[in-house]
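Residue numbers (the working numbering): 1 to 454.
Using N, Cα and C, we set each Cβ at its ideal position, and we do this for glycine too.
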Amino acid sequence: MVKPSGLGAYDLRALRTSSSLNGSSSSSLSSILKVEMFSNSADGLHGLVSDFKLSVSLLLYFPCVQQFVQGIPALPEPYSSDSLVCHRPLYSIYRYLFSGHTDETPRDYQCNLGPDGRRRDADERPELCRGTVEFVATKEYMVRDPMPAVYFFLIDVSMNAIQTGATAAACSAISQVISDLPDGPRTLVGVATFDSTIHFYNLKCALQQPLMLIVPDVQDVYTPLQTDVIVQLSECRQNLELLLESIPTMFQNNWTANSAFGAAVKAAFLAMKSTGGKLLVFQSALMSYAEKTNHDIAYSEELYIFQFQEANKLLQPADKNLKTMAIEFAEYQVCVDVFLTTQSYEDIASISVIPRTTGGQVYYYFPFSALADTAKLYNDLRWNITRPERFEAVMRVRCSQGIQVQEYAGNYCKRIPTDVDLPACGFLHHPEFGPVLLVSFGGVDDATEKKHVL
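Below, the structure is given as C-alpha cells:
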C-alpha cells in the first residue's frame, strides 16, 4: 500500500478480554475488537481523493497472541477509547477525538505541564506515549462467557469421495492431528459424515464403539442427541480414533452419488449452536441438495465449458439460502472451513459463501490425487487447527468527522452497520500475520483539511 505524503503513521488499537489462553496456541478469546487509525495531519487528503482518484484505505491484520501479551501494554483501568484526550492546560478540559465535544478533565487525570509543554506524567501513561495500547474488555462488553474450543469434522462419504480416496485421506489427516489438539476438559470434538443423508456419531466413552445416528430428512434437518455428538476429547479419544479408522471401510461399497452438503452443514451447525467453534468440512462430490430447496442445483459441465456468455452466472451462488444460513452461523460464532477434494467441476461460488461470511477459508485441491495431495491435506489441516487463533471477536472501525467507512473487503459478517463479526481470527500462512481486512473510506471533503483524522 502506498501512503500519500502528508499523512501520518497508522496505529492499531485493540480491545480484548483478560480470559485465559487455555495453555495452548488455539484459544477461546471472546472480545470486542476496536481498531482505530490515526493521522497527525490530513493536508492534501481531499486533493488526493478528488484530483487523482486515489482511494483512502486501511489494511488491517491481527498479530499473534504472543505479540498481544508481550508487546502491547494493557491499561489497568477500563478507559473509554473515545476519551483519549487533547488537553487544554489553562482550562483543564479535554476534547473527545471522535465527536469533538469538550468536557472537564477528571480530577484524578489532571497533571501539570513541564517546561516542554508536555504533561509531566506523559511517559508514565501508555495511552499518552505509546501508539498502540490495549483496553481490557470487561464483562459488559461480552455477550457470554468464553466458550470451550470446539472442533467438528464433517466428512463426505459419497461414491465419488470414496472412489477417489478423498474420504480415506480426510480420515487419515484428522486422526494424525488429533494429538495436536489441546488436551483438556475445554476441548470438545464431534464427527459426522454425509452423502444423500447425514450420519452423526455418539462418541461417549461409555460405549464400546461409536454409535451411528442417521438423519434421513435433508429438507428439515435436526441433530439427534445433541449432548452426545460433541464430547470432550480427553474422554472420547479412543472411540474417535476407532471411528476415523473404520469410516473408509464402512462406506467402501457406497453407491450414493448425491451430496447433501447444505443440509449436512446446517445439521452440524445445530449441534454447535450453543457453543460455537470451528466446523471443518471435507467435500468431494458436487453439491446436489441445498437447504430447504426441492431441486438439485448442480451445474452441468457443458454449461461450464461452452456457454461463455453466461459464465458470469457461475460466479453467483446458486442458492440464496446459503448466505442466510452463513449469517446465522456467524451470529452464533461458528466458523466454517471447507476442504474441496474434487476431480471434476465444483460449485465453489455457492460453497465459498459460507466460509467467506463466517471468517473461514476454502482449501482447493483440483484435480485431487490421493497419492499426491494426502500429505498436503494433512499439512493444511494441521496448520488450521494448531495455529494461534481467537474466537468470537467483534471489530469496529470508528472515524472522526469528515471521513467515514465506505466498505469492507475480506472474510467477515456484517449484520449491523457498525460492527463486523469475526467468529474466528486465525493466521493464514505466516505465523506473525493474521486474517487481513481492507477498509475503504469515503466522505472526504474540504472540511477534512487541516484536521486530525482518526
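Can you give me the C-alpha to C-alpha distance between residue i and residue j, rounded to a whole angstrom?
i, j, result
"His101", "Pro146", "36 Å"
"Asn160", "Lys320", "26 Å"
"Val420", "Leu279", "20 Å"
"Phe282", "Val439", "31 Å"
"Ala257", "Gln163", "11 Å"
"Glu124", "Leu437", "33 Å"
"Cys236", "Ile385", "18 Å"
"Asp103", "Ala122", "20 Å"
"Ala375", "Phe269", "28 Å"
"Met37", "Arg120", "Confidence is the limiting factor: at Met37 the pLDDT is only 48, short of 50, which leaves the residue's position unreliable, though a coordinate-based value still follows. So the two alpha carbons sit approximately 26 Å from each other."
"Leu244", "Gly262", "23 Å"
"Met212", "Thr193", "10 Å"
"Ala393", "Pro115", "44 Å"
"Cys171", "Thr324", "30 Å"
"Pro210", "Ala169", "20 Å"
"Pro248", "His199", "14 Å"
"Gly277", "Arg144", "14 Å"
"Tyr345", "Met142", "43 Å"
"Leu60", "Glu407", "13 Å"
"Thr459", "Leu322", "Summary: the structure shown does not reach residue 459, with the chain confined to residues 1 through 454, and so no result is reported for it."
"Arg118", "Ile351", "56 Å"
"Thr197", "Val221", "10 Å"
"Ala285", "Ala409", "29 Å"
"Pro106", "Pro423", "37 Å"
"Ile403", "Gly184", "47 Å"
Return yes when the Cβ of residue j is within less than 8 Å of the Cβ of residue i, no when it is not.
i, j, result
"Met272", "Asp347", "no"
"Arg387", "Thr418", "no"
"Ala260", "Val218", "yes"
"Ala267", "Val334", "no"
"Asn239", "Leu188", "no"
"Pro317", "Gln343", "no"
"Phe251", "Thr341", "no"
"Val353", "Ala326", "yes"
"Leu315", "Leu233", "no"
"Glu224", "Arg186", "Checking the displayed sequence, the identity of residue 224 turns out to be Pro instead of Glu. For Pro224 and Arg186, no; Cβs fall outside 8 Å."
"Cys425", "Arg398", "no"
"Phe329", "Val56", "no"
"Val336", "Val265", "yes"
Once the 5 residues before and after residue i are set aside, which same chain residues still bring their CB inside 7 Å of it?
i, result
"His295", "Any answer about His295 is weak, because its pLDDT of 36 lies below 50 and its placement is not dependable; what the coordinates show is given next. The answer is none, since no qualifying residue turns up."
"Asp228", "Asn202, Lys204"
"Ala349", "Leu314, Leu315, Gln316, Pro317"
"Lys139", "none"
"Val405", "Val397, Cys399, Val439, Phe441"
"Cys111", "Arg119, Arg120, Asp121"
Which residues in the same chain have their Cβ closer than 8 Å to the Cβ of residue i, if we skip the five residues on either side of it in sequence?
i, result
"Glu331", "Cys413, Arg415, Asp421"
"Asn254", "Val157, Ser158, Met159, Ile162, Asp195"
"Gln176", "Tyr378, Arg382"
"Leu75", "Pro126, Glu127, Val133, Glu134, Phe135, Val136"
"Asp380", "Phe339, Tyr363"
"Pro73", "Pro126, Arg130, Val133, Glu134"
"Glu241", "Ser175, Ile178"
Tell me which residues share the same chain as residue i and place their Cβ nearer than 6 Å to its Cβ, disregarding the 5 neighbours each side in the sequence.
i, result
"Asp108", "none"
"Asn411", "Arg356, Gly359"
"Phe153", "Ile174, Val191, Leu280"
"Asp373", "Tyr365"
"Ser246", "none"
"Ala370", "Gly165, Ala169"
Quick one: what's residue i bridged to in DSSP?
i, result
"Val189", "Tyr151, Val231"
"Val439", "Leu58, Tyr408"
"Lys278", "Tyr151, Cys335"
"Asp421", "Val394, Cys413"
"Gln503", "Lying before the first or after the last residue shown, residue 503 is absent from the chain, which here runs from 1 to 454."
"Leu75", "Phe135"
"Asn202", "Leu211"
"Val362", "Val338"
"Phe194", "Asp156, Ile198"
Examine the ligand ATP and report whether any of its heavy atoms sits within less than 7 Å of the Cβ of residue i.
i, result
"Val218", "As presented, the structure is devoid of all ligands, the ligand ATP included, so that no description of it is given."
Requested in this report: Any chance you could list the alpha helix (DSSP H) runs of at least 4 consecutive residues sitting entirely within the segment 93 to 175, in chain order?
Outcome: 126 to 129, 159 to 164
**Report entry** Inside the segment 369 to 417 only - beta strand (DSSP E) runs reaching at least 3 residues
**Finding:** 390 to 397, 404 to 409
Requested in this report: Write down every uninterrupted run of the alpha helix (DSSP H) in the segment 324 to 359 whose length is 4 residues or greater and which is fully enclosed by it, in chain order.
Outcome: 348 to 351, 353 to 358
Requested in this report: Would you list, in sequence order, the uninterrupted beta strand (DSSP E) runs of no fewer than 3 residues that lie entirely inside the segment 205 to 262?
Outcome: 211 to 215
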